[in-house]
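Down below is the structure, laid out as structure tokens.
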Amino acid sequence: MEETVRTRFAPSPTGFMHLGGLRTALYAYLYAKSHGGKFILRIEDTDQQRFVEGAIDVIYDSLKGSGLYYDEGPDVGGDYGPYVQSERKEIYAEYAKKLIELGGAYYCFCSKERLESLTDANGNRKYDKHCLSLTKEEVEKRIAAGEPYVIRQNIPTEGTSTYEDLIYGTISIDYSELEDNILIKSDGMPTYNFANVIDDHLMGITHVIRGTEYLSSTPKYNLMYDAFGWKRPVYIHLPPIMKDATRKLSKRYGDANFDDFLKKGYLKEAIINYVALLGWSPKENVEKMSLQDMIRLFSLDGISRSQSIFDEAKLRWLNGEYIRAMSQDEFYRAALPFLQTSAVNGKFDLKRISALLQPRVETLGEIPEKIDWLAELGDYDLSLFNNKKNKTDAETAKSLLPAIREYLLSVDDYSNDALFAGLSAKAGDLGVKSGAVFWVLRIAVTGQGVTPGGATEMVSLLGKEETVRRIDRSLELLSR
RNA sequence: GGCCUCAUGGUCAAGCGGUUAAGACAUUGCCCUCUCACGGCAAAAACUGGGGUUCGAUUCCCCAUGGGGCUACCA
Numbered sequence: 061m062e063e064t065v066r067t068r069f070a071p072s073p074t075g076f077m078h079l080g081g082l083r084t085a086l087y088a089y090l091y092a093k094s095h096g097g098k099f100i101l102r103i104e105d106t107d108q109q110r111f112v113e114g115a116i117d118v119i120y121d122s123l124k125g126s127g128l129y130y131d132e133g134p135d136v137g138g139d140y141g142p143y144v145q146s147e148r149k150e151i152y153a154e155y156a157k158k159l160i161e162l163g164g165a166y167y168c169f170c171s172k173e174r175l176e177s178l179t180d181a182n183g184n185r186k187y188d189k190h191c192l193s194l195t196k197e198e199v200e201k202r203i204a205a206g207e208p209y210v211i212r213q214n215i216p217t218e219g220t221s222t223y224e225d226l227i228y229g230t231i232s233i234d235y236s237e238l239e240d241n242i243l244i245k246s247d248g249m250p251t252y253n254f255a256n257v258i259d260d261h262l263m264g265i266t267h268v269i270r271g272t273e274y275l276s277s278t279p280k281y282n283l284m285y286d287a288f289g290w291k292r293p294v295y296i297h298l299p300p301i302m303k304d305a306t307r308k309l310s311k312r313y314g315d316a317n318f319d320d321f322l323k324k325g326y327l328k329e330a331i332i333n334y335v336a337l338l339g340w341s342p343k344e345n346v347e348k349m350s351l352q353d354m355i356r357l358f359s360l361d362g363i364s365r366s367q368s369i370f371d372e373a374k375l376r377w378l379n380g381e382y383i384r385a386m387s388q389d390e391f392y393r394a395a396l397p398f399l400q401t402s403a404v405n406g407k408f409d410l411k412r413i414s415a416l417l418q419p420r421v422e423t424l425g426e427i428p429e430k431i432d433w434l435a436e437l438g439d440y441d442l443s444l445f446n447n448k449k450n451k452t453d454a455e456t457a458k459s460l461l462p463a464i465r466e467y468l469l470s471v472d473d474y475s476n477d478a479l480f481a482g483l484s485a486k487a488g489d490l491g492v493k494s495g496a497v498f499w500v501l502r503i504a505v506t507g508q509g510v511t512p513g514g515a516t517e518m519v520s521l522l523g524k525e526e527t528v529r530r531i532d533r534s535l536e537l538l539s540r
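For any residue, its number in the working numbering is found by taking its place in the first sequence, counting from 1, and adding 60.
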């Protein structure tokens, strides 16, 4: 029987969910799920200086919020815990000791000063294996004396390491290019280089899915798998997501934060869908996909090797697709927080505004700016009445408006359809194109060149009292 | 600097020796239309350069150029 696929997402708690990280998590999730496997969450918090309060919750929330439910993790449990590295310190110490016995690592007592003295003319530094020659007795004596130490990996001085990456193919690195990196820091905590290997093995990870930044350091990890006699995992390295041609999407530029996009009014389904498309394309030529669709369509040969640039314009479009696919109620619920920050909150029927806005916005964040002006009719430029096609201007507005006002005052059915039919007929009575009536009316009640909906939709929304009040105000402006 | 790696329109991205080199976003134009938007139709737009291999290279190989990564007691 084939072994069960187990993938993991192993972020450091930095306080925000990076979109690149989210994509890595997504691919790991998709790979596992499309193979009937398990997806595991592990928190890599070995760098205590980078500890951020509440950061782990951000990871939980982002993952679950996007539908990437993990089968094992700190908050959901599992048979391979603990799933937080800072709680596994003794495990690493034990394996480090074992690796030393196997000759794959050694204690090092070198001072920072000595290390710095190793820097050559080009500014490069490579550890010289100085402490490798220490005898066991000497090492024990110095440890007993309380001297601080680290544990370094013992990398062969010659030879070549080769492995097969499922995306990039055969990768070969000469050992001479690698350094005896620190595995256990002087504070007793492991570095990524070590914890990552120990945990992936102990947690039964079969497929390691991560960014290309690890492509050339993977031989170091394989050396450890081999030394312990463990089976190497399958490697799947992913190309980076860029902000532009030369910069990666980064925290620094504030353009990579999942939460920020949520605040701007992007839907999490759209974000997940969009990042899935950066670096992967399904066999079928489709772009809008649910998580379930993606599980069905996911395959490694659709993953590209080149970096891709994050294009917010396309994300906007996709987000718009999701918005238009929602039911009116779904959209209303999603839009409500944004509607409530608008100046119209409490003045008009938010549900009706929501229906008007649904086909007209690509992100929820655009909502307030699209309707704020609706709250009050202020002074506006009378040249807005100018319309060539309908042959209108301020003068025609002045002559048409009283009759329109009278009509609107006389009817009680303010539904869009009734208003449209009634005003069209009225235009006939007045001997003008219906477009002229609609244009003049729309400007008169909104004072805007562009509105989310036509004259009748605006009037229907405003209601009789407010409509008449605004027409009066416009007539006043016109006679100044 | 050394090593690893990548390279199709502005962007994402099909293609995997012979194609009119898909599709999507963005752009432009037209249609629909009570403005805008939605929707529909159409246009413009690409194989980084140079050598090979081959009857034939976007596709395979090499070099150059350009981009990214690694070179930490960060991950």
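Yeah, the Cβ is synthetic: ideal placement off N, Cα and C, and Gly gets one too.
> In three-state terms, what does DSSP make of Tyr187?
Replying inline: Translated into the one-based positions of the first sequence, residue 187 becomes position 127. Reduced to three states, the DSSP call for Tyr187 is coil.
> What is the rounded straight-line gap between the Cα of Leu468 and the Cα of Asp320?
Replying inline: Residue 468 sits at position 408 when you count from the first residue of the first sequence. Residue 320 sits at position 260 when you count from the first residue of the first sequence. Taking the straight line joining both Cα atoms gives about 45 Å.
> Is it true that the CB of Ala115 sits closer than 9 Å to the CB of Thr74?
Replying inline: To locate residue 74, count along the first sequence from 1; it is residue 14. To locate residue 115, count along the first sequence from 1; it is residue 55. With contacts defined as CB atoms closer than 9 Å, Thr74 and Ala115 qualify as a contacting pair.
> Using a Cβ-Cβ cut-off of 7 Å (strictly less than) and excluding sequence neighbours within five positions of Tyr152, which residues of its own chain qualify?
Replying inline: In the first sequence, residue 152 corresponds to position 92, counting from 1. The answer, listed in chain order, is Ile244, Pro250, Phe254, Ala255, Ile258.
>> Going by DSSP in three states, Asn253 sits in which element: helix, strand or coil?
In response: Numbered from its first residue, the first sequence carries residue 253 at position 193. For Asn253, the three-state secondary structure derived from DSSP is helix.
> Between which two residues does the beta strand (DSSP E) harbouring Asp225 extend?
Replying inline: Taking the first sequence and counting its residues from 1, one reaches residue 225 at position 165. Unbroken beta strand (DSSP E) run through Asp225: 220 to 225.
>> Tell me which residue opens and which closes the beta strand (DSSP E) that Gly523 is part of.
In response: Here residue 523 refers to the residue found at position 463 when the first sequence is read from its first residue. Taken as a continuous stretch (DSSP letters only), Gly523 belongs to no beta strand (DSSP E), being part of the alpha helix (DSSP H) at 515 to 538.
> CB-CB under 8 Å to Ser341, same chain, minus the five flanking residues each way: which ones, in chain order?
Replying inline: Position 281 of the first sequence, counting from 1, holds the residue named residue 341. Close CB contacts of Ser341 within its chain, under the 8 Å cut and outside five residues either way in sequence, are with Gly362, Ser364 (chain order).
> So, do the stretch 86 to 100 and the stretch 120 to 133 have three or more beta carbon pairs nearer to each other than 8 Å?
Replying inline: A contact exists between the stretch 86 to 100 and the stretch 120 to 133.
> alpha helix (DSSP H) containing Asp353: first to last residue?
Replying inline: What you label residue 353 is simply residue 293 of the first sequence in a count that begins at 1. For Asp353, the enclosing alpha helix (DSSP H) has its first and last residue at 351 to 357.
>> Could you pull the DSSP bridge partners for Pro213 from this structure?
In response: The count along the first sequence starts at 1 and reaches residue 213 at position 153. The sequence shown places Gln at residue 213, rather than the Pro named in the question. For Gln213, which the question treats as bridged, DSSP gives the partners Ala165.
> According to DSSP, is Asp315 helix, strand or coil?
Replying inline: Within the first sequence, numbered from 1, the residue matching residue 315 stands at position 255. Note: Asp315 maps to coil in three-state DSSP.
>> So Pro428 and Phe398 are supposed to be a Cβ contact under 8 Å. How far apart are they, rounded?
In response: Working through the first sequence from its first residue, we reach residue 428 at position 368. Working through the first sequence from its first residue, we reach residue 398 at position 338. At roughly 6 Å, the Cβ-Cβ gap stays under 8 Å, so Pro428 and Phe398 are in contact.
> Got a sec, what are the start and stop residues for the beta strand (DSSP E) Ile100 sits in?
Replying inline: The residue you call residue 100 lines up with position 40 of the first sequence. First-last of the beta strand (DSSP E) with Ile100: 98 to 101.
>> Along the chain, where does the alpha helix (DSSP H) containing Ser484 start, and where does it finish?
In response: Locating residue 484 in the first sequence gives position 424, where the first residue counts as 1. Per DSSP, Ser484 is one residue of the alpha helix (DSSP H) stretching across 476 to 490.
> Taking DSSP as the reference, what is the three-state secondary structure of Val199?
Replying inline: Your numbering for residue 199 matches position 139 in the first sequence. Val199: helix per DSSP, three-state reduction.
> Does the Cβ-Cβ distance between Ile103 and Ser126 come in under 9 Å?
Replying inline: Locating residue 103 in the first sequence gives position 43, counting from the first residue. Locating residue 126 in the first sequence gives position 66, counting from the first residue. When the beta-carbon positions are compared, Ile103 and Ser126 stay at least 9 Å from each other.
> Nearest CA to the CA of Asp432: which residue from Phe445, Asp139, Ser177, Leu417?
Replying inline: Translated into positions along the first sequence, residue 432 becomes position 372. Checked all of Phe445, Asp139, Ser177, Leu417; the closest Cα to Asp432 is Leu417.
> Any chance the stretch 515 to 534 sits against the stretch 458 to 468, with 3 or more Cβ pairs inside 8 Å?
Replying inline: Yes, the stretch 515 to 534 is in contact with the stretch 458 to 468.
> Looking only at C-alpha atoms, which of Ala504, Ile211, Lys430, Ala403 sits nearest to Asp441?
Replying inline: Working through the first sequence from its first residue, we reach residue 441 at position 381. Closest by alpha carbon: Ala504.
> When DSSP labels each residue in this structure, what does Gly425 get in the three-state scheme?
Replying inline: Here residue 425 corresponds to residue number 365 of the first sequence, with the count starting at 1. Of the three classes helix, strand and coil, the one that applies to Gly425 here is helix, per DSSP.
> Can you list the alpha helix (DSSP H) stretches of 4 or more residues lying completely in the stretch 112 to 149, in chain order?
Replying inline: Complete alpha helix (DSSP H) runs here, min 4: 115 to 125.
> What is the C-beta distance between Ala496 and Asn446, in whole angstroms, given that I count them as a contact (C-beta under 8 Å)?
Replying inline: By 1-based counting over the first sequence, the position of residue 496 is 436. By 1-based counting over the first sequence, the position of residue 446 is 386. 12 Å between Cβ atoms; not a contact.
> What is the residue span of the beta strand (DSSP E) that Thr456 lies within?
Replying inline: On the first sequence, position 396 is the one that residue 456 refers to. For Thr456, there is no enclosing beta strand (DSSP E); the residue is part of the alpha helix (DSSP H) that begins and ends at 454 to 470.
> Going by DSSP, which residues form a beta bridge with Leu447?
Replying inline: Here residue 447 refers to the residue found at position 387 when the first sequence is read from its first residue. Contrary to the premise, residue 447 reads as Asn rather than Leu in this sequence. Asn447 is bridged to Thr452.
>> So, at 6 Å on beta carbons, what are the nonlocal neighbours of Val199 in its own chain, with the 5 sequence-adjacent residues on each side left out?
In response: Stepping through the first sequence from its first residue, residue 199 is reached at position 139. Excluding positions up to five away in sequence, the list reads Tyr167.
> Buried or exposed: which applies to Glu422, given that a residue is buried once 16 or more other Cβ atoms fall within 10 Å of its Cβ?
Replying inline: In the first sequence, residue 422 corresponds to position 362, counting from 1. Buried: at least 16 other Cβ atoms inside 10 Å.
> With respect to the beta strand (DSSP E) encompassing Phe408, which residues constitute its N-terminal and C-terminal limits?
Replying inline: Working through the first sequence from its first residue, we reach residue 408 at position 348. Taken as a continuous stretch (DSSP letters only), Phe408 belongs to no beta strand (DSSP E), as it is neither H nor E.
>> The alpha helix (DSSP H) that contains Phe69, what's its start and end?
In response: Taking the first sequence and counting its residues from 1, the one referred to as residue 69 is at position 9. Not the alpha helix (DSSP H): Phe69 falls in the beta strand (DSSP E), residues 66 to 69.
> Closest to Arg540 by CA distance: which of Lys458, Thr506, Leu521, Ser470 is it?
Replying inline: Residue mapping note: residue 540 aligns to position 480 of the first sequence, counting from 1. Looking at the Cα atoms, Lys458 is the closest of the given residues.
> What distance in whole Å lies between the Cβ atoms of Tyr235 and Gly219, which are believed to be in contact at a cut-off of 8 Å?
Replying inline: By 1-based counting over the first sequence, the position of residue 219 is 159. By 1-based counting over the first sequence, the position of residue 235 is 175. Indeed, because the Cβ distance is near 5 Å, the residues count as touching under 8 Å.
> What does Asp234 pair with, by DSSP beta-bridge criteria?
Replying inline: By one-based count along the first sequence, residue 234 stands at place 174. DSSP lists Thr220 as partners of Asp234.
>> Using only the alpha-carbon positions, how far apart do Tyr474 and Val118 sit?
In response: Residue 474 sits at position 414 when you count from the first residue of the first sequence. Residue 118 sits at position 58 when you count from the first residue of the first sequence. If I take the Cα positions, the gap works out to 48 Å.
> Which class does Lys172 belong to by DSSP, given the choice of helix, strand or coil?
Replying inline: Looking up residue 172 in the first sequence gives position 112. Assignment of Lys172 by DSSP, reduced to helix, strand and coil, places it in the helix class.
> Using the C-alpha atoms, what's the distance from Glu466 back to Leu490?
Replying inline: If you number the first sequence from 1, residue 490 lands on position 430. If you number the first sequence from 1, residue 466 lands on position 406. Between the C-alpha atoms of Leu490 and Glu466 there is a straight-line separation of about 13 Å.
> Which residue comes first and which comes last in the beta strand (DSSP E) that contains Tyr295?
Replying inline: Residue numbering aside, residue 295 sits at position 235 when the first sequence is read from its first letter. Element bounds for Tyr295: 294 to 298.
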